[in-house]
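Colleague:
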């Protein structure tokens, strides 16, 4: 049941500690003692008793990452941010060749990169991203599935019926917080799957579970990132780092 989560969490070094923690209106941010930054969307659903205490700073990162499995979704946001603080750390991703020492803020959206590839194909996006219709709507048979659907979107429950028939499926990293990612990957087994957004862990572990490409985000400016998190502005987080692509080899 928790195999995907346990595989991600189990690879985090036991000795790595949390140096800083911020929970803003839009983003949750964790910084490790080695400078790695991890982000997650702040999901304000805290109906269940939390697993963690009040003192997250100084805790082992792996222990905090276990909260990704919490059904207190506000706490799960913290857990996923902890996972990303390891996998999406600038030092790690630069070493792997995913991110760059000389980075640019104005990198293209994941959807734009795939614009030519998906022409004439059946495409589903799990999550309503503003650029997706603009980039892919005219060239592909596009279905958008959303937890809070907008006009023209399908409700999230339609995943069970639509995903098995798709050629390409884009999935928001937020599904890690909601615990829906494992099921979505099973449903999309016949498709090319792209996990997208700042919440997507840049981990080769995900390739074993059906992800083909991870289009994620690496923070290069921790101070600016912390400022944006405190201000609670959702879209401006991209000013603090670099959009990157990590394909399965």
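Residue numbers (this note's numbering): -4 to 244. Using N, Cα and C, we set each Cβ at its ideal position, and we do this for glycine too.
1) Just how far apart, CA to CA, sit residue 52 and residue 12?
2) Report the rounded CA-to-CA distance for residue 18 versus residue 47, giving the unit in angstroms.
3) Hey, out of 243, 170, 65 and 126, whose CA is closest to residue 230's CA?
4) Is the region 105 to 121 touching the region 216 to 226 in the sense that three or more CB pairs, one from each, lie closer than 8 Å?
5) For residue 113 and residue 60, what's the separation of their Cα atoms in angstroms?
6) Alpha carbon to alpha carbon, how far is residue 33 from residue 153?
7) Looking only at its chain, what residues have a beta carbon closer than 7 Å to the beta carbon of residue 182, apart from the 5 residues adjacent to it on each side?
8) What does a CB cutoff of less than 7 Å around residue 175 pick up in its chain, not counting 5 residues either side in sequence?
9) My guess is that residue 209 and residue 190 are in contact by the Cβ rule of under 8 Å, so how many angstroms apart are they, rounded?
10) Measure the C-alpha to C-alpha separation of residue 62 and residue 228 and round it to an integer number of angstroms.
11) Out of curiosity, what's the CA-to-CA distance linking residue 101 and residue 219?
12) Between which two residues does the alpha helix (DSSP H) containing residue 26 stretch?
13) From the DSSP output, in three-state form, read off residue 206 for me.
Modeller: Looking at the coordinates:
1) 8 Å
2) 14 Å
3) 126
4) no
5) Going by the C-alpha atoms only, they are around 35 Å apart.
6) Rounded to whole angstroms, residue 33 to residue 153 spans 31 Å at the Cα level.
7) 154, 155, 158 and 159
8) none
9) 5 Å
10) 24 Å
11) Residue placement at residue 101 is flagged as unreliable, the pLDDT there being 46, under the threshold of 50; a coordinate-derived value is accordingly withheld.
12) Where residue 26 is concerned, there is no enclosing alpha helix (DSSP H), although the beta strand (DSSP E) it sits in stretches over 22 to 27.
13) coil
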